[in-house]
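The opening residue of the sequence shown carries number 1 in full-length UniProt numbering; numbering runs sequentially from there. Cβ coordinates follow ideal geometry from the N, Cα and C atoms, glycine included. Okay, structure first, notes after.
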Amino acid sequence: MMARGKFITFEGIDGAGKTTHLEWFRDRLAAKPAVAGRTVVMTREPGGTPLGEAVREIVLHQPMDLETEALLMFAARREHLARVIEPALAHGDWVLSDRFTDATFAYQGGGRGLPRDKLETLERWVQGGFQPDLTVLFDVPPDTASERRSAAREPDRFESETDAFFTRTRAEYLRRAEEAPYRFAIVDSTQSIDAIRKKLEEVIASL
Ligand code: TYD
């Protein structure tokens, strides 16, 4: 039997540039000797399952109560864990997810102001003690991120938020990183793509 796979998440405020590195990271990971012969499953949140993708469509575009928003994020996550993430890891695959629970703490908690204890309760309910083996946090000041976003397409309910919102979101990401430094790699995302990839190579080598 193959050893259990590892679970890696990518995080950062909108415009931090994580999407630029996702596929490259997957390919570099797959080339790692410890990963050879296994699949690296790429997935995302909200999303990752048919139900999760339907929830994504709703939370990104429909106005709703803040608690509803948090509950939907965790409902989609439960489905994602049960149907995709857990089975893949048990099978020996590695899983790379574009966002996970840290995003809920950062956006619904930091950004929107939902009390943290409610999110901690949901986190325990939905995932028990389960946490990513590694979380890569693409860290960038909100004004840099908003410049990058304005170059991109039609903004959704989160992308259209203010710099003040993203200042709080970023602060909560950094607080989560401080709370669990053993699983976080913080990447200064104001750097060039090459410099970031050099740092990511180190992160992959250290896994
Ligand atoms: P994102 O991952 O940035 O995808 P894209 O690059 O296609 O825009 O979009 C997901 C959005 O959902 C992002 O703005 C953050 C938000 N989000 C939350 O607010 N809470 C969560 O728990 C998750 C997973 C995402």
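Residues in the same chain with beta-carbon distance under 7 Å from Gly110, minus the five sequence neighbours each way, listed in chain order, please. Arg168, Thr169, Ala171, Glu172
Buried or exposed for Tyr182, please, with buried defined as at least 16 other CB atoms from any protein chain shown within 10 angstroms of its CB. exposed
What residues are listed by DSSP as bridge partners for Phe184? Thr135
If Phe100 sits next to Thr9, beta carbons under 8 Å apart, how far is it from one beta carbon to the other, in whole angstroms? 4 Å
Which word fits Arg56, buried or exposed, when buried means at least 16 other C-beta atoms lie within 10 angstroms of its C-beta? buried
Within 7 Å: the Cβ of Ala36 and any heavy atom of the ligand TYD? no
Along the beta strand (DSSP E) that carries Arg44, what are the first and last residues, could you check? 40 to 44
When you measure from the CB of Thr162 to every non-hydrogen atom of the ligand TYD, does any distance come out below 7 Å? no
Within this structure, are the beta carbons of Phe7 and Pro115 separated by less than 8 Å? no
Starting from Glu11 and walking both ways along the beta strand (DSSP E), at which residues does that stretch end? 7 to 12
Quick check: the Cα distance between Ala205 and Pro63, rounded to an integer number of angstroms? 43 Å
By alpha-carbon positions, which one of Glu45, Arg4, Phe25 ends up nearest to Lys198? Phe25
Cα-Cα separation, Thr43 to Ala70: 20 Å
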